[in-house]
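Asker:
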Amino acid sequence: MSNILFLVKERIKHFFSASGPKKVHSPWLYSLYRAIKDQNTLSCDKKMIIRNRRRQLAGNKSALEFDDPGSRGGRVQSTVKEVFSRTSKPCRQAVAIAEVAAYVNEGSILELGTAFGTTTMAIRFANANRKIITVEGVAEIAAYSKETLSFDSNTEIIIGRFADVVPELAKSGEKFGMVFIDGHHSRRPTLDYLEMLQPALAEKALVVIDDIYYSKDMFQCWQELKSHADFQVKLDFFYFGLLVRNPDLSPEVLKLRI
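Going by the working numbering, the sequence shown opens with residue 112, and the numbers climb by one from there.
Following this line, the structure appears as structure tokens:
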């Protein structure tokens, strides 16, 4: 209950303190912000495909049992419908992440936390050219994400614990133009994964940290990331934080409304 109260309080504070487009002066950042806010990159047909897949999963009453490798831990006995509703973000938020991916022009895209693959699908629709590597810790859930992404031969789904997979990816020689961290939802692991992946980031890279107001722990994580020296720009969209690595940009920390 304390997490819910914290989330509600911070949402109200964000609503009144966040800025709009007039506060964004860099032309490149302004363009990115408008894209995230307006969400015009994906066609209506592509958005309908995403919504239809979401509808299928949201109505699937099949049993789903697995060991949770994330912050909750323990054995989960549930249904596809319940787990999907709990773990997958609303369509508009998924498309917002996809709009960020559309701005990736170098390197691959890495997603930590595939879940059922609907956000990955949106990312692919927004950026048809970059290789996507997505990591899911639960094999039983990954089976559904493979169905979601069966149309796409340029997306690699890796099943494994982040703590095991991330160090291997960091030394694989792959360069990442975007990293989307959407799993574990705890301060220490999030900071650790980012530190591991830093050497593998492209010269200009975008890092999305999901659910920065999920808990006081994740809020503290974001407070620390706002002073991270390797990223010039830090953007707080409430639902997620965006770290921008681009030496051409002036240092900036903004709280923005979408």
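Just so you know, even glycine gets a beta-carbon here, dropped at the ideal spot from N, CA and C.
All figures in this text were calculated on a predicted structure; none of them were measured in a lab.
1) Give a yes or no on contact between the region 256-267 and the region 314-329, applying the rule of three or more CB pairs nearer than 8 Å.
2) Once you ignore the five residues that flank Tyr214 on each side, which residues in its own chain have a CB closer than 6 Å to its CB?
3) When DSSP labels each residue in this structure, what does Ala129 get in the three-state scheme?
4) Between Phe127, Gln343 and Lys366, which lies nearest to Lys315 when the distance is taken from Cα to Cα?
5) Opposite Leu346 in the DSSP bridges: which residues?
6) Please name the residue, chosen from Phe348, Trp333, Val364 and Ala313, that lies closest to Asn357 on a Cα-to-Cα basis.
7) DSSP three-state label for Val318, please.
8) Give every residue of the same chain whose Cβ lies closer than 6 Å to the Cβ of Tyr350, excluding the five residues on either side of it in the sequence, and list them in chain order.
9) Taking Asp156 as the reference, which of Lys133, Ser261 and Phe236 has the closest Cα?
10) Would you call Leu116 buried or exposed, if buried means 16 or more other Cβ atoms sit within 10 Å of its Cβ?
11) Answer yes or no: do Glu217 and Thr231 have a C-beta to C-beta separation smaller than 8 Å?
12) Is the Cβ-Cβ distance between Leu365 and Val211 less than 8 Å?
13) What does the alpha-carbon distance come out to for the pair Val194 and Arg165?
14) Enumerated in chain order, which unbroken segments of the alpha helix (DSSP H) with a length of 4 residues or greater are wholly contained in the region 205-285?
15) Report the three-state DSSP secondary structure of Asp178 (helix, strand or coil).
16) Grouping DSSP H, G and I as helix and E and B as strand, with all else coil, what is Ser196?
17) Threshold first: 3 residues or longer. Then list the beta strand (DSSP E) segments lying entirely within the region 141-181, N to C.
18) Using a 10 Å radius around the Cβ and a threshold of 16 neighbouring Cβ atoms, would you call Gly298 buried or exposed?
19) For Gly271, which option in Ile220, Pro180 and Ser264 has the closest C-alpha, if you only look at C-alpha atoms?
20) Is Ile369 near Ala146, with beta carbons less than 8 Å apart?
21) Name the residue from Thr190, Gly288 and Ala209 whose alpha carbon lies nearest to the alpha carbon of Lys158.
22) Taking only the alpha-carbon atoms, compute the straight-line gap between His309 and Ala274 and give it to the nearest angstrom.
23) With distances taken between CB atoms, is the gap from Glu267 to Ile244 smaller than 8 Å?
Answerer: With the given structure in hand:
1) no
2) Leu143
3) If DSSP states are grouped into helix, strand and coil, Ala129 belongs with coil.
4) Nearest in C-alpha terms to Lys315, of all of Phe127, Gln343 and Lys366, is Gln343.
5) Leu353 and Leu365
6) Ala313
7) strand
8) Gln204
9) Phe236
10) exposed
11) Contact check for Glu217 against Thr231 fails: the beta carbons are separated by 8 Å or more.
12) no
13) 12 Å
14) 229-237, 250-259 and 273-281
15) strand
16) Residue state, collapsed to three classes: helix.
17) Qualifying beta strand (DSSP E) stretches, in chain order: 174-178.
18) In the sequence under discussion, the amino acid at residue 298 is Arg, which differs from the Gly named in the question. By the Cβ-count criterion, Arg298 is buried, with 16 or more other Cβ atoms from all chains shown falling within 10 Å of its own Cβ.
19) Pro180
20) no
21) Ala209
22) In the sequence on display, residue 309 carries Gln and not His. Distance between the alpha carbons of Gln309 and Ala274: 15 Å.
23) yes
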